[in-house]
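Engineer: Quick one: the structure is below, and I'll ask about it shortly.
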Amino acid sequence: MKIETRAVHAGRKPEGGSRDVVPAIHLSTTFHKAEDGSLPGGYLYGRPNNPNREALENALASLEEGAAALAFSSGSAATLAVFQSLAPGDHVIAPEDAYYGTPTLLRTVMANWGLTHTLVHMEDLAAVERAMTPATRLIWTETPSNPLLKITDLRAIVALARKSGAMVACDNTCATPLFQQPLKLGADVVMHSVTKYLSGHSDVLSGALIFREANAFFERVHNFQREGGGVPSPFECWLSLRGMQTFPYRVRAHAANAQKVAEFLATQPHIEAVHYPGLKSHPGYKIAAAQMSGFGGVMSIQMKGGQAEAFKLISGVKLFSHATSLGSTHSLIEHRASVEGTASHTPVNLLRLSIGLEHPDDLIEDLEQALEKL
Ligand SMILES: Cc1ncc(COP(=O)(O)O)c(C=O)c1O
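Numbering of the sequence shown is given in this note's numbering, commencing with residue 981 and proceeding in unit increments.
Right under this line is the structure:
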């Protein structure tokens, strides 16, 4: 079945006496038991399971074509569940350029817990190989990366990991399962900030892990989810599932708009560099074209006039909202280095743009008038 059909149907079943087509929201945290203590409805308590979360997890597993999925209260909670399901003394390799919260978790939370890590330029396979140690249990990838839109060759990373028995996880937030299926390329776990494209409207905070196999590592993470309880509420699960119905159509439009905006920005004299994997000039273009069927809706630009000019461009745009996050209907623009703080490697003249679902001509006109004012 094609992904558009799965996005509409997966995880949903007619429920209850009223046989709803749209699932109901199950707020109850506790469920009736039978006299013998068994659970006729299949649910015990809201932390281990809930009908809305189960529906969301089934749909996520279907979209990524995985064996099982687990939903969390945010993308970062999902990432943390992977890290905390490793053992103290284990070693993780992660990208230098990644959503800044991921290396921050490794540095400020997991290091205290005995998990060691090395950050590398993941597009440099020799650097990844050099970073491997006998204790390396996980290579964390994020492709395209946020905010520099770097491309990691997933097949090559999987081949490297297999040699030493390490697992590969991929943050697939920017690509989405429409454009990239890391599990098919051999990754063991896919992570999503469902907050972004999958829910799609900047009104949900949620995250997910999807596993290629329901193996022992999945069981460890499942135990962590059940016992730790960092799960999304029934309403957030319901909103996520609702957003996911339209995600393939939205993401296709985000990417088509982004391609036009990137091509326009690449011709602008005030702009030093445009980072968008759909541009043939992007160093990762060939690998992106080989492992993705589209290039997504996020890009970043570097201004010739430095940080001051970057802020001036932000104050000149009218349609782009000056706000963090990505993957929403609204176009967003943000100076990343000032959000990421002192540990940031992001250039200070960089702006990240999340291209929304407005008409691309209007977005280009907006950027054009702001660039003219510089
Ligand atoms: C690529 C990527 N991964 C992970 C996250 C973290 O997700 P959340 O904000 O849902 O915790 C984000 C958030 O911006 C992100 O952009």
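Quick reminder that beta carbons are idealized off the backbone N, C-alpha and C, glycines included.
A quick note: this is a predicted structure, and the numbers were derived from the prediction, not measured.
1) Find out if the Cβ-Cβ distance for the pair I1335, G1277 is shorter than 8 Å.
2) Do the CB positions of A1350 and H1315 come within less than 8 Å of each other?
3) Spatial neighbours of G1264 within its chain, please: CB distance less than 7 Å, with the 5 preceding and 5 following residues excluded, ordered by chain position.
4) F1197 and M1147 look like a contact to me (Cβ under 8 Å); what is the Cβ gap, rounded to whole Å?
5) When the Cα of A1074 is compared with those of P1083, L1163 and P1068, which residue comes out closest?
6) Drop a sphere of 10 angstroms on the beta-carbon of K1298, count the other beta-carbons inside from all chains shown, and report buried for 16 or more, exposed for fewer.
7) Quick one: what's got a C-beta closer than 8 Å to L1221's C-beta in the same chain, skipping five residues either side?
8) Could you tell me whether any non-hydrogen atom of ligand 2 is closer than 7 Å to the CB of C1150?
9) Report the rounded CA-to-CA distance for V1254 versus H1262, giving the unit in angstroms.
10) What I want to know is whether the C-beta of L1185 ends up closer than 7 Å to one or more non-hydrogen atoms of ligand 1.
11) Just mark P1114 as buried or exposed, buried being the case when its beta carbon has 16 or more other beta carbons within 10 Å.
12) Please go through the region 1158-1245 and give each complete alpha helix (DSSP H) segment of 4 or more residues, from N-terminal end onward.
13) Which runs of the alpha helix (DSSP H), 4 residues or longer, sit entirely within the region 1264-1333?
14) What is the DSSP secondary structure of L1129, counted as helix, strand or coil?
15) When you compare the CB positions of R986 and R1206, do they come within less than 8 Å of one another, or not?
16) Is there contact between the region 1179-1194 and the region 1209-1224, where contact requires at least three CB pairs shorter than 8 Å?
17) Identify, in the order they occur along the chain, each residue of the same chain with its Cβ nearer than 6 Å to the Cβ of L1293, setting aside the five sequence neighbours on each side.
18) Where does the unbroken beta strand (DSSP E) through F1063 begin, and where does it stop?
19) Assign A1091 to one of two classes, buried (16 or more other C-beta atoms within 10 Å of its C-beta) or exposed (fewer than that).
20) Find the nearest neighbour of T1010 within the set W1120, G1017, Y1025 and S1018, judged by alpha-carbon distance.
21) Indicate whether the contact test is met: 3 or more Cβ pairs, each with one atom in the region 1064-1081 and one in the region 1093-1109, closer than 8 Å.
22) Can you tell me which of A1235, V1328 and K1266 puts its alpha carbon nearest to the alpha carbon of L1158?
23) When the Cα of T1175 is compared with those of V1169, L1185 and D1168, which residue comes out closest?
24) Give the single residue among T1153, K1284 and K1240 whose Cα lies nearest to the Cα of G1307.
25) Tell me whether T1156 sits in a helix, a strand or coil according to DSSP, three-state version.
26) So, under 8 Å CB-CB, H1006 and P1214 are touching, yes? Tell me the CB distance rounded to an integer number of Å.
27) Quick check: what's the CA-CA separation for S1065 versus V1201?
28) Tell me, which residues are paired with A1361 by DSSP?
29) What's the C-alpha gap between F1275 and E1243?
30) Using the three-state DSSP reduction, which class does M1112 fall into: helix, strand or coil?
31) Per DSSP, which residues does H1255 bridge with? Please list them.
32) Are the CB atoms of L1050 and A1139 within a distance shorter than 8 Å?
33) Using the three-state DSSP reduction, which class does A1091 fall into: helix, strand or coil?
34) Mind checking which residues open and close the alpha helix (DSSP H) that includes P1028?
35) Going by Cα to Cα distance, which pick from D1016, W1218, K1353 and M1112 is closest to G1285?
36) Given this structure, state the Cα-to-Cα distance separating L1128 from S1042, to the nearest angstrom.
Structural biologist: Result, derived from the coordinates:
1) One-based indexing of the sequence shown puts residue 1335 at position 355. One-based indexing of the sequence shown puts residue 1277 at position 297. Taking 8 Å as the Cβ cut-off, I1335 and G1277 qualify as a contacting pair.
2) Within the sequence shown, residue 1350 is the residue found at index 370, counting from 1. Within the sequence shown, residue 1315 is the residue found at index 335, counting from 1. Result no, Cβ atoms of A1350 and H1315 do not sit closer than 8 Å.
3) For the purposes of this step, residue 1264 is taken as the residue at position 284 of the sequence shown. If we look at G1264 and ignore the five residues flanking it on each side, its Cβ neighbours are E1103, K1130, I1131 and P1257.
4) Stepping through the sequence shown from its first residue, residue 1197 is reached at position 217. Stepping through the sequence shown from its first residue, residue 1147 is reached at position 167. So it is a contact: roughly 7 Å between Cβ atoms.
5) To locate residue 1074, count along the sequence shown from 1; it is residue 94. The shortest C-alpha separation from A1074 is found at P1083.
6) As a working note, residue 1298 is residue 318 in the sequence shown. With fewer than 16 Cβ atoms within 10 Å of its Cβ, K1298 is classed as exposed.
7) Position 241 of the sequence shown, counted from the start, is the residue given in the question as residue 1221. Contacts found: G991, R992, P1003, N1032, A1035, L1036 and A1039.
8) Ligand 2 is not among the ligands present in this structure, which contains only ligand 1.
9) Your numbering for residue 1254 matches position 274 in the sequence shown. Your numbering for residue 1262 matches position 282 in the sequence shown. Separation of V1254 and H1262 (C-alpha to C-alpha, rounded to the nearest whole angstrom) is 8 Å.
10) As a first step, residue 1185 must be located in the sequence shown, where it is residue number 205. Yes - ligand 1 has a heavy atom lying nearer than 7 Å to the Cβ of L1185.
11) Counted from its first residue, the sequence shown places residue 1114 at position 134. Classification of P1114: exposed, given that the 10 Å Cβ count is below 16.
12) 1196-1208, 1214-1224 and 1227-1245
13) 1265-1271, 1286-1296 and 1316-1320
14) Along the sequence shown, read from residue 1 onward, the residue named residue 1129 stands at position 149. In this structure, L1129 counts as coil in the three-state DSSP scheme.
15) Walking along the sequence shown from the start, residue 986 turns up at place 6. Walking along the sequence shown from the start, residue 1206 turns up at place 226. No, the pair does not count as a contact, with Cβ atoms beyond the cut-off.
16) A contact exists between the region 1179-1194 and the region 1209-1224.
17) What you label residue 1293 is simply residue 313 of the sequence shown in a count that begins at 1. Only residues of its own chain outside the window of five on either side were considered, and among them A1350 have a CB closer than 6 Å to the CB of L1293, listed in chain order.
18) By 1-based counting over the sequence shown, the position of residue 1063 is 83. Here F1063 belongs to no beta strand (DSSP E); instead the alpha helix (DSSP H) covers G1055 to Q1064.
19) Here residue 1091 refers to the residue found at position 111 when the sequence shown is read from its first residue. With fewer than 16 other Cβ atoms within 10 Å, it is exposed.
20) Here residue 1010 is taken as the residue at index 30 of the sequence shown, counted from 1. For the residues W1120, G1017, Y1025 and S1018, the minimum Cα distance to T1010 belongs to Y1025.
21) Touching, yes, given that three or more Cβ pairs across the two stretches are closer than 8 Å.
22) Locating residue 1158 in the sequence shown gives position 178, where the first residue counts as 1. Closest by alpha carbon: A1235.
23) To locate residue 1175, count along the sequence shown from 1; it is residue 195. Measuring from the Cα of T1175, the nearest candidate turns out to be L1185.
24) Along the sequence shown, read from residue 1 onward, the residue named residue 1307 stands at position 327. Comparing Cα positions, the closest option is T1153.
25) On the sequence shown, residue 1156 is found 176 positions in, with the first residue counted as 1. The answer is helix: DSSP assigns T1156 an H, G or I state.
26) As a first step, residue 1006 is located in the sequence shown; it is residue number 26 there, counting from the start. As a first step, residue 1214 is located in the sequence shown; it is residue number 234 there, counting from the start. 5 Å between Cβ atoms; contact.
27) Position 85 of the sequence shown, counting from 1, holds the residue named residue 1065. Position 221 of the sequence shown, counting from 1, holds the residue named residue 1201. Rounded to whole angstroms, the separation of the alpha carbons of V1201 and S1065 is 6 Å.
28) The first residue shown for the chain is 981 and the last is 1354, placing residue 1361 beyond what the model contains.
29) Counting from 1 along the sequence shown, the entry for residue 1275 is found at position 295. Counting from 1 along the sequence shown, the entry for residue 1243 is found at position 263. Between F1275 and E1243, the C-alpha separation is close to 13 Å.
30) One-based indexing of the sequence shown puts residue 1112 at position 132. Coil at M1112, not helix or strand.
31) Sequence index remark: in the sequence shown, residue 1255 carries index 275 (1-based). Paired residue(s): S1280.
32) Counting from one through the sequence shown, the residue named residue 1139 turns up at place 159. Counting from one through the sequence shown, the residue named residue 1050 turns up at place 70. No. Outside cutoff.
33) Reading the sequence shown from its first residue, position 111 is the one you call residue 1091. Correct three-state label for A1091: helix.
34) Position 48 of the sequence shown, counting from 1, holds the residue named residue 1028. Per DSSP, P1028 belongs to no alpha helix (DSSP H) and is neither H nor E.
35) Counting from one through the sequence shown, the residue named residue 1285 turns up at place 305. Of D1016, W1218, K1353 and M1112, the residue nearest in Cα terms is K1353.
36) Residue mapping note: residue 1128 aligns to position 148 of the sequence shown, counting from 1. Residue mapping note: residue 1042 aligns to position 62 of the sequence shown, counting from 1. Rounded to the nearest angstrom, the two C-alpha atoms are 29 Å apart.
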